[in-house]
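Presented below is the structure to which this report refers.
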Amino acid sequence: MKKLLLSLAAVSMAALTFSASAASVSNPFNVKVILQSACKMSTITDVDFLTYTSLQAGAQTATGGAFTVTCTNTLPYTLKFVSDAGAATDSGTFPTLNLAYTLGLSAAGGTGSGLAQSYNVTGGMIAGQSGNCAGPAATTCTETRTAAHTLFVVY
Numbered sequence: 285m286k287k288l289l290l291s292l293a294a295v296s297m298a299a300l301t302f303s304a305s306a307a308s309v310s311n312p313f314n315v316k317v318i319l320q321s322a323c324k325m326s327t328i329t330d331v332d333f334l335t336y337t338s339l340q341a342g343a344q345t346a347t348g349g350a351f352t353v354t355c356t357n358t359l360p361y362t363l364k365f366v367s368d369a370g371a372a373t374d375s376g377t378f379p380t381l382n383l384a385y386t387l388g389l390s391a392a393g394g395t396g397s398g399l400a401q402s403y404n405v406t407g408g409m410i411a412g413q414s415g416n417c418a419g420p421a422a423t424t425c426t427e428t429r430t431a432a433h434t435l436f437v438v439y
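This is how it looks when you write it as structure tokens:
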């Protein structure tokens, strides 16, 4: 029995010695990714000329038009209206009221920072327009141009 215990102890010691001197192999590897640059634009708030008085002496400035653009860090981009050959300005007319207006941008573009950057669509109506407001009791007429203009972020 003593011999058996000594034999088992010798085998156990050999196993411990073998595992302590086990070899290892390493192999470095690469980690890859392809980043597709992108931009997103928030909804543009309504551009509102409020009340324009027929034949008024001064120009009318619009309110609203706020939006944000968020782009990949260091990605340059420009802002352009589509309806005027990709320009940074645009124009239109309220067809029923026959009042002309122009639109512009608070900036022509920027460089992405990964954070939302604020901009405005600006608007103006020249002074002295008579407009059309017809009807028996028509002292105030209203017109809304729905989706009349489109703004693009080009990157």
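Each residue of the sequence shown is one higher than the last, beginning at 285 in this note's numbering.
Just so you know, even glycine gets a beta-carbon here, dropped at the ideal spot from N, CA and C.
Other residues of its chain near residue i: CB distance less than 6 Å, five sequence neighbours each side excluded
i, result
"residue 327", "none"
"residue 377", "384"
Supposed close pair residue i, residue j - CB separation, criterion 8 Å
i, j, result
"residue 381", "residue 427", "5 Å"
"residue 332", "residue 348", "5 Å"
"residue 363", "residue 392", "6 Å"
Residues bridged to residue i [DSSP beta-bridge criterion]
i, result
"residue 345", "408"
"residue 361", "394"
"residue 331", "348"
"residue 436", "364"
"residue 323", "355"
Residues near residue i in its chain [Cβ-Cβ closer than 7 Å; skip 5 each side]
i, result
"residue 343", "408, 409, 410 and 411"
"residue 321", "356, 359 and 439"
"residue 334", "347"
Environment of residue i [buried if 16+ CB atoms lie within 10 Å]
i, result
"residue 351", "buried"
"residue 451", "Past the edges of the chain, shown from 285 to 439, lies residue 451, and the structure says nothing about it."
"residue 319", "exposed"
"residue 341", "exposed"
"residue 405", "buried"
"residue 313", "exposed"
Beta-carbon contacts of residue i that lie in its chain and below 8 Å, excluding the five residues immediately before and after
i, result
"residue 423", "417"
In chain order, each alpha helix (DSSP H) run of at least 4 residues that lies wholly inside the stretch 367 to 406: none
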